[in-house]
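The structure under discussion appears below in the form of structure tokens.
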Amino acid sequence: MACLLKGYRNFLRPLTQAPSEGSRDVENLFYLQGFLKSRERSSHKLYSQLLHTQMFSQFIEECSFGSTRHAALEFFDSCVDKVHPEQEKPEPTPLVELEELSGSELTVFITPPEEPPVLEGSESTPQYCYDGFPELKAELFESPQEQQGALPVPGPSRSAPSSPAPRRTKQEMKVAQRVAQKSATVPELWARCLLGHCYGLWFLCLPAYVRSAPSRVRALHTAYHVLREMESRKVVLPDEVCYRVLMQLCSNYGQPVLSVRVMLEMRRAGIVPNTITYGYYNKAVLESKWPSGTPGGRLRWAKLRNVVWGAAQFRQPLKDRRRLQQEQQEQQQQQQQQQQQVAEQQKSGSSQTEPCLERPSPTRPLQRQTTWAGRSLREPSSPIGRLVKSGSLAAPAGHSPLWRLAWLTSSASLGSEWDISESSLSSLSLRRSSERLSDTPGAFQPPSLEILMSSCSLCHACDSLVYDEEIMAGWAPDDSNLNTTCPFCACPFVPLLSVQTLDSRPSAPSPKSALAGAGGCKDAPVPGGPGPVLSDRRLCLALDEPQLCNGHMGSASRRVENGAWAYLSPLVLRKELESLVENEGIEVLALPELPAAHPIIFWNLLWYFQRLRLPSILPGLVLASCNGPPPSQLSQGPSSWLTPDPASVHVRLLWDVLIPDPNSCPPLYVLWRVHSQIPQRVVWPGPVPSCLSLALLESVLRHFGLNEVHKAVGLLLETLGPPPTGLHLQRGIYREILFLTMAALGKDHVDIVAFDKKYKSAFNKLASSMGKEELRQRRAQMPSPKAIDCRKCFGAPLEC
1 MACLLKGYRN FLRPLTQAPS EGSRDVENLF YLQGFLKSRE RSSHKLYSQL LHTQMFSQFI
61 EECSFGSTRH AALEFFDSCV DKVHPEQEKP EPTPLVELEE LSGSELTVFI TPPEEPPVLE
121 GSESTPQYCY DGFPELKAEL FESPQEQQGA LPVPGPSRSA PSSPAPRRTK QEMKVAQRVA
181 QKSATVPELW ARCLLGHCYG LWFLCLPAYV RSAPSRVRAL HTAYHVLREM ESRKVVLPDE
241 VCYRVLMQLC SNYGQPVLSV RVMLEMRRAG IVPNTITYGY YNKAVLESKW PSGTPGGRLR
301 WAKLRNVVWG AAQFRQPLKD RRRLQQEQQE QQQQQQQQQQ QVAEQQKSGS SQTEPCLERP
361 SPTRPLQRQT TWAGRSLREP SSPIGRLVKS GSLAAPAGHS PLWRLAWLTS SASLGSEWDI
421 SESSLSSLSL RRSSERLSDT PGAFQPPSLE ILMSSCSLCH ACDSLVYDEE IMAGWAPDDS
481 NLNTTCPFCA CPFVPLLSVQ TLDSRPSAPS PKSALAGAGG CKDAPVPGGP GPVLSDRRLC
541 LALDEPQLCN GHMGSASRRV ENGAWAYLSP LVLRKELESL VENEGIEVLA LPELPAAHPI
601 IFWNLLWYFQ RLRLPSILPG LVLASCNGPP PSQLSQGPSS WLTPDPASVH VRLLWDVLIP
661 DPNSCPPLYV LWRVHSQIPQ RVVWPGPVPS CLSLALLESV LRHFGLNEVH KAVGLLLETL
721 GPPPTGLHLQ RGIYREILFL TMAALGKDHV DIVAFDKKYK SAFNKLASSM GKEELRQRRA
781 QMPSPKAIDC RKCFGAPLEC
């Protein structure tokens with residue numbers, strides 16, 4: 001039968017309109033003539049008789065609308081995929097694959113039944129003798145006890161098995177494993193494979209997100225836009241779970257039109273839905289209430305809006321012309337009035353001075369120079385024309401705060417060309433320096449809960465830090481392997497996901513504690529009051545680099561908690577999440593106890609969702625689980641915890657380690673910020689070698705700015721010295737120069753793609769003289785192509 005119906009899913013007709021009386025007919029559900037034409041002419045009589053049987057009609061109906069026999073339909077689809085009747089000599093393919101007990105990692109030991117103990121004074125255990133197979137009596141069996149999970153799951157236990165939508169079929173798991181093994185050999189495909197499993201994780205959590213969302217319809221449309229984004233990013237989906245979950249939710253919440261759009265996206269991606277996915281789709285289309293066919297008031301209002309908007313756009317040029325004419329008339333009137341006043345003054349013989357209408361004499365402008373930092377200002381032929389470091393932002397001695405104001409204002413934009421003259425500087429007012437930097441009340445207040453996360457892990461074999469994209473590149477295409485491979489020593493190790501929570505919520509809020517928190521720092525801006533003036537160099541630097549000082553000044557005391565858990569590959573994490581949902585139900589993903597009961601799964605999910613900027617309820621769970629719910633939400637119930645105010649929870653993903661090792665050498669970008677007196681998140685706790693001076697950092701940046709990256713690398717290698725007697729940096733040379741450049745110029749002003757090209761050219765130039773092997777031993781190589789593709793595929797770089 002599998003050979004006879006090979007390719008039948010291509011001829012299933014999905015419902016795309018509101019159901020009618022004949023929607024369940026076989027002719028409307030299956031393209032009979034197309035399927036018949038796809039077969040050999042000699043077999044048409046056999047197929048014509050098969051297609052008109054009641055058994056085939058029932059089979060098509062079960063495939064179209066789903067049934068309790070989804071396991072049997074899934075098995076039949078796997079058999080259809082295995083057979084190849086078009087081959088002249090088809091190879092024997094086992095349709096039923098038996099598990100090899102010798103290759104299994106689990107050992108099952110079944111003990112023989114024991115006789116129950118006989119208590120004193122009670123009757124002995126009755127004996128049973130049978131001549132044949134006995135009749136089973138229900139009263140002799142123990143009642144099955146419900147599984148006691150780690151979390152008190154409300155509602156019916158084990159709700160996941162009744163809903164196969166979030167689960168992958170066995171065939172989908174095997175296909176995903178083959179795709180992962182094939183993608184691991186191609187760098188670009190490996191990054192997309194990991195990305196596809198990350199999106200699969202989000203769709204597994206989608207039911208909990210939709211259930212807790214204020215507007216469930218809007219949440220469903222958000223999921224649909226995520227599907228569109230996946231298509232635009234060319235994500236490799238190993239299964240149909242993403243589409244299946246969304247179709248099931250469309251069926252639950254009555255959105256048949258959205259379900260049709262999801263099916264069209266599925267076809268556009270070239271995916272033929274299997275029986276389970278197809279059943280959920282037709283169920284959503286058939287059982288949901290469709291909107292009325294006649295144009296409603298909403299459509300009419302939309303048409304009226306378009307007409308009014310179009311008419312307003314046509315009238316806009318007329319308004320601009322009238323305004324220009326009015327301005328010209330006002331200018332003419334002002335000139336006439338000035339001329340009349342001058343004439344009257346001349347007639348009356350007044351001694352008042354005539355206003356100067358001539359252009360002031362030109363002055364020498366400040367010119368932008370292309371230097372090592374790209375931010376220096378120099379006045380031509382002026383004794384003050386010296387380099388001003390962008391990191392220190394130090395104004396020349398003897399100049400007024402007005403000069404600092406103009407310098408800071410002009411240097412805020414690195415990519416724009418500007419020309420400032422002394423006459424333009426004189427037209428500025430000193431009152432600009434005392435204006436508010438933010439009109440939002442409480443803009444400098446910290447969030448209630450700040451979460452810092454980093455996947456940077458230390459390889460203990462070579463004492464080197466391995467960063468996120470390098471960890472991704474070292475993962476194995478195995479959903480049971482937690483190890484990654486170190487890019488420096490090729491040793492396997494388990495990476496860690498470090499988490500630091502900063503809780504600013506008062507345990508017992510009172511007016512005294514609020515006042516004490518606000519007055520803890522004399523420089524802290526008052527919410528709603530005037531901000532720091534631009535001439536205050538320290539506060540301006542703190543506001544210009546919010547990621548270095550947690551985005552606020554003078555914060556109240558915080559409760560700090562640190563933790564580290566295994567950083568799982570998306571393949572491993574998906575397997576663990578599916579097991580959790582299978583055992584404890586989908587409701588477990590919305591409970592506040594989830595971070596404490598399953599921390600590895602929770603923090604990895606939060607990391608990936610924040611990495612891809614996907615909405616979720618996980619930050620709200622952190623807010624509810626940290627010492628209980630917020631005091632302001634005690635009376636609102638758990639639903640308010642899942643959708644907190646975005647300003648109350650702030651999740652930051654950092655590129656480097658959260659807590660530095662005081663026994664190692666400090667990174668160069670930290671030294672640059674120390675020399676530039678820029679506030680930092682943490683203070684370097686250990687000693688600083690004398691050779692890592694400010695002159696060295698300036699020389700490295702100067703070589704990089706002049707496209708002499710090979711000189712910068714050579715200077716660092718010479719300063720550190722050869723191993724094992726030289727200084728040992730936990731970060732590679734590539735990472736040190738990249739982070740130093742980002743700290744000096746700003747993350748938004750560094751093109752990492754161009755940086756990689758420059759560094760690769762410098763590495764090849766140095767390899768011709770020093771040798772590639774020596775450069776690798778001294779950790780001067782750049783990341784592998786697989787790591788670069790992972791960083792490119794997962795979006796913008798993290799905070800540094």
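Residue numbering for the sequence shown follows this note's numbering, starting at 1 and increasing by one per position.
Glycine included, C-beta positions come from ideal geometry on N, C-alpha and C.
### Message
Do D756 and E188 count as a contact pair if the criterion is CB distance below 7 Å?
### Response
As a first step, residue 188 is located in the sequence shown; it is residue number 188 there, counting from the start. As a first step, residue 756 is located in the sequence shown; it is residue number 756 there, counting from the start. The beta carbons of E188 and D756 sit no closer together than 7 Å.
### Query
Expressed to the nearest angstrom, what Euclidean distance is found between the alpha-carbon atoms of E736 and L573?
Numbered from 1 along the sequence shown, position 736 holds the residue referred to as residue 736. Numbered from 1 along the sequence shown, position 573 holds the residue referred to as residue 573. Taking the straight line joining both Cα atoms gives about 31 Å.
### Task
Pull up the distance between the alpha-carbon of S78 and that of P214, whole angstroms please.
Numbered from its first residue, the sequence shown carries residue 78 at position 78. Numbered from its first residue, the sequence shown carries residue 214 at position 214. Answer to the nearest angstrom: the Cα atoms are 40 Å apart.
### Message
Using CA atoms only, rank isn't needed, just tell me which of P166, V217, R211 and R178 is closest to L201.
### Response
Taking the sequence shown and counting its residues from 1, the one referred to as residue 201 is at position 201. Nearest C-alpha to L201: P166.
### Query
Is it true that the region 760 to 773 meets the region 693 to 713, where meeting means three or more beta-carbon pairs spaced less than 8 Å apart?
The region 760 to 773 is in contact with the region 693 to 713.
### Task
Give the C-beta separation of L286 and S23 to the nearest angstrom, bearing in mind that I take them to be a contact with Cβ-Cβ under 8 Å.
As a first step, residue 286 must be located in the sequence shown, where it is residue number 286. As a first step, residue 23 must be located in the sequence shown, where it is residue number 23. Confirmed, Cβ separation roughly 7 Å.
### Minimum C-alpha distance to R13 - residue among S48, F65 and Y47
The sequence position of residue 13 within the sequence shown is 13, counting from 1. Measuring from the Cα of R13, the nearest candidate turns out to be F65.
### Message
If you follow the alpha helix (DSSP H) that T501 is in, where does it begin and where does it stop?
### Response
Residue mapping note: residue 501 aligns to position 501 of the sequence shown, counting from 1. That residue, T501, is in no alpha helix (DSSP H); its beta strand (DSSP E) goes L496 to D503.
### Query
In terms of alpha-carbon separation, which member of C691, L692 and P660 lies closest to P685?
Position 685 of the sequence shown, counted from the start, is the residue given in the question as residue 685. Of the listed residues, the one whose Cα sits closest to P685 is P660.
#### Entry: Residues of its chain near P785, where Cβ-Cβ distance is below 8 Å and the 5 sequence neighbours each way are ignored
On the sequence shown, residue 785 is found 785 positions in, with the first residue counted as 1. Closer than 8 Å at the Cβ level, and outside the excluded window around P785, lie P187.
### Query
Where do the ends of the alpha helix (DSSP H) carrying I788 lie?
For the purposes of this step, residue 788 is identified with residue 788 of the sequence shown, where counting begins at 1. For I788, the enclosing alpha helix (DSSP H) has its first and last residue at P785 to C793.
### Message
If I follow the unbroken alpha helix (DSSP H) through I600, where does it start and stop?
### Response
Within the sequence shown, the letter at position 600 stands for residue 600. Its alpha helix (DSSP H) spans residues P599 to R611.
### Task
Leaving aside the five residues before and after C198 along the sequence, list all residues of the same chain whose C-beta is less than 7 Å from its C-beta, in chain order.
As a first step, residue 198 must be located in the sequence shown, where it is residue number 198. Once the five neighbours on either side are set aside, the close Cβ partners of C198 are P570, Y608 and L612.
### Task
List the endpoints of the continuous alpha helix (DSSP H) containing W672.
Taking the sequence shown and counting its residues from 1, the one referred to as residue 672 is at position 672. Taken as a continuous stretch (DSSP letters only), the alpha helix (DSSP H) holding W672 covers L668 to H675.
### Task
Write down the C-beta distance between I451 and V588 rounded to the nearest angstrom, noting that I regard them as a contact closer than 8 Å.
For the purposes of this step, residue 451 is identified with residue 451 of the sequence shown, where counting begins at 1. For the purposes of this step, residue 588 is identified with residue 588 of the sequence shown, where counting begins at 1. 21 Å between Cβ atoms; not a contact.
### Task
Output yes or no for whether 7 Å exceeds the beta carbon distance between V499 and W655.
Looking up residue 499 in the sequence shown gives position 499. Looking up residue 655 in the sequence shown gives position 655. It is not a contact, given that the beta carbons lie outside the stated cut-off.
### Task
Using three-state DSSP, classify L430 as helix, strand or coil.
On the sequence shown, position 430 is the one that residue 430 refers to. Interpretation of L430 is limited by its pLDDT of 30, a score under 50 that renders its predicted location unreliable; no figure is taken from the coordinates.
### Query
How is the alpha helix (DSSP H) around N483 delimited, first residue to last?
Walking along the sequence shown from the start, residue 483 turns up at place 483. Careful: N483 lies outside any alpha helix (DSSP H) and carries neither H nor E.
### Span of the alpha helix (DSSP H), counted from its first residue to its last, around I276
Here residue 276 refers to the residue found at position 276 of the sequence shown. Where I276 is concerned, the enclosing alpha helix (DSSP H) stretches over T275 to E287.
### Message
Assuming L567 and L618 are in contact, meaning their beta carbons sit under 8 Å apart, how far apart are those beta carbons, in whole angstroms?
### Response
The residue given as residue 567 occupies position 567 in the sequence shown. The residue given as residue 618 occupies position 618 in the sequence shown. One point to set straight first is that residue 567 is Tyr, not Leu, in the sequence displayed. The Cβ separation is near 16 Å, so there is no contact.
### Query
To which residues does DSSP link W684 through a beta bridge?
Numbered from its first residue, the sequence shown carries residue 684 at position 684. Partner(s): none; W684 has no beta bridge.
### Query
How would you write the range of the beta strand (DSSP E) that A566 sits in, first residue to last?
Numbered from 1 along the sequence shown, position 566 holds the residue referred to as residue 566. Here the beta strand (DSSP E) through A566 covers R559 to A566.
### Query
With C-beta atoms as the reference, is L606 less than 7 Å away from V560?
Counted from its first residue, the sequence shown places residue 606 at position 606. Counted from its first residue, the sequence shown places residue 560 at position 560. No.
### Where the alpha helix (DSSP H) containing C250 begins and where it ends
The residue labelled residue 250 in the question sits at position 250 within the sequence shown. Note, C250: alpha helix (DSSP H), V241 to N252.
#### Entry: Nearest to C486 (by Cα), restricted to the options M472, Y243 and A695
If you number the sequence shown from 1, residue 486 lands on position 486. The candidate whose alpha carbon is nearest that of C486 is M472.
### Message
Below 8 Å, how does it come out for the region 166 to 178 and the region 219 to 233: are there three or more Cβ pairs, yes or no?
### Response
no
### Query
Should the region 21 to 41 be called in touch with the region 49 to 61, which here means at least 3 C-beta pairs below 8 Å?
yes
### Query
Would A208 pass as a contact of M247 if the rule is Cβ separation under 7 Å?
Taking the sequence shown and counting its residues from 1, one reaches residue 208 at position 208. Taking the sequence shown and counting its residues from 1, one reaches residue 247 at position 247. No, they are not a contact pair.
#### Entry: According to DSSP, residues forming a beta bridge with V649
Position 649 of the sequence shown, counting from 1, holds the residue named residue 649. Answer is L449, bridged to V649.
### Task
Note the first and the last residue of the continuous alpha helix (DSSP H) segment covering V272.
On the sequence shown, position 272 is the one that residue 272 refers to. It is not in any alpha helix (DSSP H) - V272 carries neither H nor E in the DSSP assignment.
### Query
On the premise that E240 lies in contact with P273, defined as a C-beta separation below 8 Å, what is that separation, rounded to the nearest angstrom?
Counting from one through the sequence shown, the residue named residue 273 turns up at place 273. Counting from one through the sequence shown, the residue named residue 240 turns up at place 240. 6 Å between Cβ atoms; contact.
### Message
Checking 7 Å against the spacing of the C-beta atoms, do G288 and G254 come in under that value?
### Response
Position 288 of the sequence shown, counted from the start, is the residue given in the question as residue 288. Position 254 of the sequence shown, counted from the start, is the residue given in the question as residue 254. It is Ser, not Gly, that sits at residue 288 in the sequence shown. For the 7 Å CB-CB criterion, S288 and G254 form a contact.
### Task
Could you give the DSSP three-state label for W372: helix, strand or coil?
Counting from 1 along the sequence shown, the entry for residue 372 is found at position 372. The pLDDT assigned to W372 is 41, lower than 50, so where the model puts this residue is not dependable; a value taken from the coordinates is nonetheless given after this. W372 falls in the coil class under three-state DSSP.
### Query
Measuring CA to CA, which of W190, Q181 and C489 is closest to Q777?
Numbered from 1 along the sequence shown, position 777 holds the residue referred to as residue 777. Here the closest residue by C-alpha is C489.
### Task
Reducing DSSP to helix, strand and coil, say where F30 ends up.
Taking the sequence shown and counting its residues from 1, the one referred to as residue 30 is at position 30. In this structure, F30 counts as strand in the three-state DSSP scheme.
#### Entry: Proximity of I601 and L577 at Cβ, strictly below 7 Å
On the sequence shown, position 601 is the one that residue 601 refers to. On the sequence shown, position 577 is the one that residue 577 refers to. Yes; because the gap between Cβ atoms is below 7 Å, this pair is in contact.
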